[in-house]
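Trainee: Protein chains in written order, with the working numbering: chain A, 190 to 705; chain B, 9 to 403.
Attaching a single structure in structure tokens format; questions to follow.
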Amino acid sequence: MGKEWGSEPLGSFYTTGKVRNRREWRGFKDTFYDYTRWLHIMGILSKFIVKPRNIKAFFRYRWMANYLAAPMMVDRHTQGLRGPQLRIAHTEFDLVMADVAKLLDNLFKADRRIGNDKKLSDKVVLMDENEMTAVMMGFPTLKGLSRETPAVYVSVLLNQYAACHYIDVAQEYGLPGDVCPMPEAEAGVSIDDDFPILGACAVQCNTTCDGSLMGNSVISKRLELEDGVPCFQLAAPLRHQEEDVQEYAAQEIRNCIKFIEEQTGEKWDWDAYFTCAGRVNESTRHRLEWLEMNKTDYPQVFGSNLALYTETNYMAICGKDPDFLAADRKITALAEKAYKEKHKVLPEYRHRAIIWGVQSHFYFDFLIWLQNCWGILPLTDMLSMVSTKVLSEDDKEQAIYDMAWLTENMIMRNRTHGGYRVLLDELWEFCEEFRADTVILWEHMSCKALTGMHGQFEEKAREKGIHLIWVTHDLFDPRVISRQAIRDQVNRYMRTVFREEPLDPSLEILTDEQSW
Amino acid sequence: MKDLKHLYELERLLEDANNDLVRKARSEGRKCVATVCENVPEPLLNLPGTFSVRLRAPRTGSMEMATYYMTSFLCEYTRALLERAMEGGYNFTDCLITPDGCTMLNRCIENMELLHTMEKPDFFYEYMEIPMKNDENGLNLYTLQCRNHVLTPLHERFGIDVSDGAIRQAVAEHNRVCQLIRAIGEYRKEDHPCITGYEFHILTMATYVAPKNMLIPVLEETLEELKTREPDTKKYRARVVLVGSEVDDVDVVKLIEDCGAYVCADRFCYGSFPGRDEIILTEDEDALTQICRQYMNRAQCARYMNQEKIQGRRAYVAKLAEDYHADGIIYEQMKFCDPWAYERTVGTQVLRDEYHYPVLSVDRPYAVGHSGQLRTRVQAFVESIEIKKIQGGGK
């Protein structure tokens with residue numbers, strides 16, 4: 190046991206059960222720091238659970254049980270990290286955990302079945318999980334809350350089997366098993382009547398795909414027709430790179446704002462909007478700086494630290510929470526210092542990789558495993574390559590177009606839709622920019638937008654001499670492709686094509702089938 | 009029943025995408041505009057000097073190459089199209105205008121483009137954005153997209169007249185086809201119909217894949233023929249409405265009718281509802297806007313996402329079932345089709361629970377052939393309807 194990376198094999202902590210046998214020793218300073226953050230998370234959970242309504246919610250909603258695994262999830266995504274990367278990870282997780290706890294607290298407080306706070310409920314606008322929250326930037330007195338985020342999205346980060354029950358419910362209802370399990374699970378929660386009921390109105394969006402669009406029709410059937418919550422369907426154009434769809438997108442934003450005003454009685458606040466736009470711009474500058482560092486030999490904010498945080502900050506926060514900006518600044522400061530000191534996360538960087546595909550962390554800590562096991566640096570991922578457009582901070586007309594642009598360019602759909610260029614051609618440009626020798630094609634088998642380009646990826650990678658490692662998965666359902674089956678796909682390529690031995694052999698095969 | 013005079017000829021026509029009528033139109037110097045979805049307004053593709061062909065891949069066999077490019081998780085329609093395109097089966101077309109309707113079709117066409125499957129040097133692709141709600145904003149988008157991605161390229165590339173007058177002329181021809189198909193389809197309401205669902209499907213499908221002006225005499229003659237055609241005395245065991253996604257396989261309706269059911273109404277892509285609704289034009293607004301409005305409002309495509317449209321789709325099916333005296337409804341989807349996977353599932357529940365129709369909910373391959381599984385499902389469904397009738401139950 191030492192403070193250096195690799196002082197103890199990371200795979201040795203795994204058991205055949207739900208949790209690992211002990212915490213990792215990272216040297217006194219880092220272990221102590223890590224322990225304080227663990228205590229901090231336990232504090233967030235304790236503060237949350239002492240409220241009687243939250244205990245009630247714990248027994249009412251099946252998916253709430255997953256939150257017992259929150260500390261374990263953080264441990265999973267910080268494996269092997271030391272120094273600045275450990276601090277960057279915890280800066281992010283502290284904030285994301287607090288944000289999710291706040292979201293849950295608000296949901297249950299306003300939930301007709303739990304807290305039944307009508308006053309709060311009347312100030313709530315329900316948002317889709319996979320939806321940019323840009324239209325809420327000018328409503329500072331309203332709360333844009335997502336029910337799907339805690340019920341499904343975060344749950345699968347916490348517990349690999351979290352969505353399985355709801356996928357089964359949807360399939361018992363008649364949905365086939367070949368659709369994307371994400372909207373399928375969300376539809377399953379709705380069919381199971383396991384969403385909190387609240388809100389003055391809801392805004393549904395056609396992000397991210399056909400499945401997501403259609404899943405909304407299942408949810409709105411209950412939400413609008415049974416629970417009486419009016420829904421606005423925000424249609425974001427699919428061919429978002431084209432000039433001749435932007436006016437349509439902008440008008441959808443105008444109509445959406447009008448709908449929210451009518452349903453809630455609140456008025457759009459331009460000052461609040463421009464404040465948020467300023468924050469989005471600064472966040473973008475920080476993200477760009479991190480990406481620039483990742484193009485060098487000394488990347489600092491990458492892998493899980495980049496992917497998980499960008500999703501939350503870009504899509505769900507969208508400038509509305511100043512705490513995230515403070516976190517951005519802190520992360521940049523940590524990264525800049527580490528960069529100047531030429532800090533390396535691992536003793537050996539073997540491959541520079543771009544991870545291309547949908548979210549790569551739902552039921553598996555794939556990115557951190559890649560670096561720890563094989564020395565593959567996940568420099569960036571598809572979902573972190575989002576819009577870097579500067580938003581106007583004073584032009585009201587342009588602001589409408591900016592919100593439309595953000596909505597069209599929600600994570601994932603900015604690549605999976607909009608024509609093949611944004612998915613296919615830009616990948617090779619990124620490979621050049623980041624000097625990547627490897628692409629991990631994180632192929633979600635039910636994502637038709639991605640698999641529809643399967644052959645093109647393969648042929649172009651061959652043409653350009655880039656190693657393309659196909660890693661097939663089923664996003665939410667480890668029963669279809671297990672964690673080990675995912676690992677095996679990488680292991681096989683590394684051993685047979687690269688003919689390499691793992692950096693940490695204990696991670697090659699793990700007994701985490703039953704683990705959270 | 010005595011065979012319809014033109015049936016054999018039309019069956020043969022449907023055996024090849026580049027059929028006799030297409031070849032004849034091309035030999036007259038007309039440009040062939042290919043499309044793959046009902047959301048591209050047909051009259052705009054059938055202007056003087058052009059004719060439209062909705063792509064299909066009859067007699068599909070292996071889809072190995074397309075499966076390599078798009079994996080086995082994409083629907084077989086899209087894979088069959090790509091395979092056929094790679095084989096050079098669509099080289100007779102002059103351009104392909106497609107909406108970004110569903111992801112899989114979009115990827116299919118993009119693969120065609122990337123693989124340079126079309127050999128004509130001036131061949132071009134156009135991708136359209138189609139509204140997802142029927143409102144004023146959607147209408148503005150639709151007209152703009154039709155102008156930018158249909159009319160302008162046809163005019164600039166091929167010198168086609170895209171004036172209001174030319175569009176109205178195309179609508180008149182389109183409407184004549186619709187009137188004839190609708191009039192022929194009316195016979196399906198009778199207790200002893202003088203046309204089978206299969207025959208009607210052949211007639212309707214031909215109108216999507218061959219120049220319309222050449223089919224009008226055939227349809228007129230068929231309508232006249234039906235007026236005196238003696239129906240079979242045997243009664244079908246059950247009358248069903250077939251609802252769902254793309255059906256261009258002639259064997260689908262045939263298989264259902266071989267099981268003793270009668271397909272009395274067809275609400276699917278390539279069917280007559282709503283694809284063969286007339287377009288009513290007035291003089292107080294330009295034709296393009298009116299066409300787009302009617303296409304948008306009548307569309308039964310699953311991708312329309314506003315509640316009015318979603319509820320409307322189920323009410324539309326129920327109304328068809330009522331008008332055509334159906335005993336039950338068959339909701340079908342092509343395997344791996346996301347939009348229709350959801351639409352079929354919820355539609356099935358709603359039509360059963362709220363409209364009280366027996367519903368068979370199935371997914372199917374692109375080319376049904378003699379699918380034993382599907383046959384068994386339909387046979388069981390027909391029997392269940394019969395049992396209900398015997399037991400004196402409701403619908």
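Every residue, glycine too, gets a C-beta built ideally from N, C-alpha and C.
Beta-carbon within less than 7 Å of A/Leu568's beta-carbon, same chain only, minus the 5 sequence neighbours each way: which residues are those?
Mentor: For the purposes of this step, residue 568 of chain A is identified with residue 379 of the first sequence, where counting begins at 1. The answer, listed in chain order, is Asn483, Pro488, Phe491, Arg541, Ala542, Ile543, Phe623, Ala625.
Trainee: Considering only DSSP beta bridges, list what B/Gln341 is partnered with.
Mentor: Within the second sequence, the letter at position 333 stands for residue 341 of chain B. B/Asp371, per the DSSP bridge assignment.
Trainee: Of all the options A/Tyr538, A/Leu616, A/Asn295, which has the alpha carbon lying nearest to the alpha carbon of A/Arg242?
Mentor: Along the first sequence, one-based indexing puts residue 242 of chain A at 53. If we check each option's Cα against that of A/Arg242, A/Asn295 comes out closest.
Trainee: Relative to the C-alpha of B/Ala302, which candidate in B/Asp285, B/Lys242, B/Ser70 has its C-alpha closest?
Mentor: Within the second sequence, the letter at position 294 stands for residue 302 of chain B. Reading the sequence as shown, one finds Gln at residue 302 of chain B and not Ala. Closest by alpha carbon: B/Asp285.
Trainee: Can you grab the Cα-Cα spacing for the pair B/Asn54 / B/Ala25, in whole Å?
Mentor: Counted from its first residue, the second sequence places residue 54 of chain B at position 46. Counted from its first residue, the second sequence places residue 25 of chain B at position 17. Spanning the two alpha carbons is a distance of roughly 17 Å.
Trainee: Does A/Leu427 have its Cβ less than 8 Å from a Cβ in chain B?
Mentor: Here residue 427 of chain A refers to the residue found at position 238 when the first sequence is read from its first residue. Interface residue, yes.
Trainee: For the putative contact between A/Leu497 and A/Glu281, defined by C-beta atoms under 8 Å, what is the C-beta separation to the nearest angstrom?
Mentor: For the purposes of this step, residue 497 of chain A is taken as residue 308 along the first sequence, with counting starting at 1. For the purposes of this step, residue 281 of chain A is taken as residue 92 along the first sequence, with counting starting at 1. 7 Å between Cβ atoms; contact.
Trainee: Which of helix, strand or coil does DSSP assign to A/Glu432?
Mentor: Locating residue 432 of chain A in the first sequence gives position 243, counting from the first residue. Three-state DSSP puts A/Glu432 in a helix.
Trainee: Who are the neighbours of B/Ile318 on chain A, taking C-beta pairs under 7 Å?
Mentor: The sequence position of residue 318 of chain B within the second sequence is 310, counting from 1. Per Cβ cutoff of 7 Å: Ser406.
Trainee: In this structure, does DSSP put B/Met9 in helix, strand or coil?
Mentor: Here residue 9 of chain B refers to the residue found at position 1 when the second sequence is read from its first residue. If DSSP states are grouped into helix, strand and coil, B/Met9 belongs with coil.
Trainee: Please list the terminal residues of the continuous alpha helix (DSSP H) segment that includes A/Phe646.
Mentor: The residue labelled residue 646 of chain A in the question sits at position 457 within the first sequence. 643-653 is the span of the alpha helix (DSSP H), which, as asked, contains A/Phe646.
Trainee: If I follow the unbroken alpha helix (DSSP H) through B/Ile264, where does it start and stop?
Mentor: Against the second sequence, residue 264 of chain B aligns to sequence position 256. Per DSSP, B/Ile264 belongs to the alpha helix (DSSP H) from 258-266.
Trainee: For chain B, check one thing: does any of its Cβ atoms lie closer than 8 Å to the Cβ of A/His643?
Mentor: Position 454 of the first sequence, counting from 1, holds the residue named residue 643 of chain A. So, interface residue.
Trainee: Could you tell me the boundaries of the alpha helix (DSSP H) in which B/Pro107 lies?
Mentor: Here residue 107 of chain B refers to the residue found at position 99 when the second sequence is read from its first residue. Looking at the DSSP string, B/Pro107 is not in any alpha helix (DSSP H); the run it does join, the beta strand (DSSP E), is 103-107.
Trainee: Report the neighbours of B/Tyr76 on chain A: residues whose CB is nearer than 8 Å to its CB, in chain order.
Mentor: One-based indexing of the second sequence puts residue 76 of chain B at position 68. The contacting residues are His643, Gly644.
Trainee: Spatial neighbours of B/Tyr150 within its chain, please: C-beta separation below 6 Å, excluding the five flanking residues on both sides.
Mentor: One-based indexing of the second sequence puts residue 150 of chain B at position 142. Excluding positions up to five away in sequence, the list reads Pro139, Cys300, Met304.
Trainee: Which residues, in order along the region 555-588 of chain A, keep a beta-carbon less than 7 Å from a beta-carbon of chain B?
Mentor: Going along the region 555-588 of chain A in chain order, one finds no residue with a Cβ nearer than 7 Å to chain B.
Trainee: With respect to the beta strand (DSSP E) encompassing A/Pro370, which residues constitute its N-terminal and C-terminal limits?
Mentor: In the first sequence, counting from the first residue as 1, residue 370 of chain A sits at position 181. Taken as a continuous stretch (DSSP letters only), A/Pro370 belongs to no beta strand (DSSP E), being part of the alpha helix (DSSP H) at 370-380.
Trainee: My output table needs one value for A/Gln360: the three-state DSSP class, helix, strand or coil.
Mentor: Taking the first sequence and counting its residues from 1, the one referred to as residue 360 of chain A is at position 171. DSSP places A/Gln360 in helix when its eight states are reduced to three.
Trainee: Have a look at A/Tyr682, A/Cys420, A/Ile230, A/Cys390 and flag the residue whose alpha-carbon is nearest the alpha-carbon of A/Lys307.
Mentor: To locate residue 307 of chain A, count along the first sequence from 1; it is residue 118. Minimum Cα distance to A/Lys307 is reached at A/Cys390.
Trainee: Apply the 10 Å Cβ neighbour rule to B/Ile203 and answer buried if 16 or more other Cβ atoms are within range, or exposed otherwise.
Mentor: By 1-based counting over the second sequence, the position of residue 203 of chain B is 195. B/Ile203 is buried by the Cβ-count criterion.
Trainee: In chain B, which residues lie less than 9 Å from A/Gln430 when you measure between Cβ atoms?
Mentor: For the purposes of this step, residue 430 of chain A is taken as the residue at position 241 of the first sequence. Per Cβ cutoff of 9 Å: no residues; A/Gln430 is ~10 Å from chain B at best.
Trainee: Check whether the Cβ of B/Phe81 lies closer than 8 Å to any Cβ atom in chain A.
Mentor: Within the second sequence, the letter at position 73 stands for residue 81 of chain B. Chain A contact via Cβ: present.
Trainee: Smallest Cα separation from A/Asp693: which of A/Ser196, A/Gly232, A/Ala376?
Mentor: Numbered from 1 along the first sequence, position 504 holds the residue referred to as residue 693 of chain A. Of the candidates A/Ser196, A/Gly232, A/Ala376, the one whose C-alpha sits nearest the C-alpha of A/Asp693 is A/Ser196.
Trainee: Where A/Asn210 and A/Leu495 are concerned, what is the direct C-alpha to C-alpha distance, given to the nearest angstrom?
Mentor: The residue you call residue 210 of chain A lines up with position 21 of the first sequence. The residue you call residue 495 of chain A lines up with position 306 of the first sequence. When rounded, the distance between both Cα atoms is 28 Å.
Trainee: With a threshold of 8 Å between beta-carbons, can B/Thr101 be considered close to chain A, or not?
Mentor: Here residue 101 of chain B corresponds to residue number 93 of the second sequence, with the count starting at 1. Not an interface residue.
Trainee: Along the alpha helix (DSSP H) that carries A/Pro708, what are the first and last residues, could you check?
Mentor: Chain A is shown only over 190 to 705; residue 708 of chain A falls outside these bounds and no answer can be derived.
Trainee: Kindly indicate the opening and closing residues of the alpha helix (DSSP H) around B/Ser60.
Mentor: Numbered from its first residue, the second sequence carries residue 60 of chain B at position 52. Run containing B/Ser60: none in the alpha helix (DSSP H); it sits in the beta strand (DSSP E), 58-62.
Trainee: Would you say B/Pro366 faces chain A, with C-beta separation under 8 Å as the test?
Mentor: The count along the second sequence starts at 1 and reaches residue 366 of chain B at position 358. B/Pro366 does not count as touching chain A.
Trainee: Kindly list, in the order they appear in chain B, the residues whose Cβ is closer than 9 Å to that of A/Cys398.
Mentor: The residue given as residue 398 of chain A occupies position 209 in the first sequence. By Cβ distance, chain B contributes Thr111, Asp346.
Trainee: Suppose contacts are defined by Cβ-Cβ distances below 8 Å. Is B/Asp169 in contact with B/Gly37 by that definition?
Mentor: As a first step, residue 169 of chain B must be located in the second sequence, where it is residue number 161. As a first step, residue 37 of chain B must be located in the second sequence, where it is residue number 29. No, they are not a contact pair.
Trainee: Looking only at its chain, what residues have a beta carbon closer than 7 Å to the beta carbon of A/Phe551, apart from the 5 residues adjacent to it on each side?
Mentor: Position 362 of the first sequence, counted from the first residue, corresponds to residue 551 of chain A. Around A/Phe551: Val345, Leu346, Leu664, Phe665.
Trainee: Exposed or buried, which one is B/Ser35 when buried takes at least 16 other CB atoms within 10 Å?
Mentor: As a working mapping, residue 35 of chain B is identified with position 27 in the second sequence. B/Ser35 is exposed by the Cβ-count criterion.
Trainee: Specify whether the region 86-103 of chain B and the region 125-142 of chain B touch according to this definition: at least 3 beta carbon pairs, one from each stretch, less than 8 Å apart.
Mentor: The region 86-103 of chain B is in contact with the region 125-142 of chain B.
Trainee: Confirm, please, whether the CB-CB distance from A/Asn598 to A/His475 is below 8 Å.
Mentor: Here residue 475 of chain A is taken as the residue at index 286 of the first sequence, counted from 1. Here residue 598 of chain A is taken as the residue at index 409 of the first sequence, counted from 1. Cβ atoms of A/His475 and A/Asn598: not closer than 8 Å.
Trainee: Assuming B/Pro107 contacts B/Ile287 under a Cβ cut-off of 8 Å, what Cβ separation, rounded to an integer in Å, is found between them?
Mentor: To locate residue 107 of chain B, count along the second sequence from 1; it is residue 99. To locate residue 287 of chain B, count along the second sequence from 1; it is residue 279. At roughly 18 Å, the Cβ-Cβ gap does not stay under 8 Å, so B/Pro107 and B/Ile287 are not in contact.
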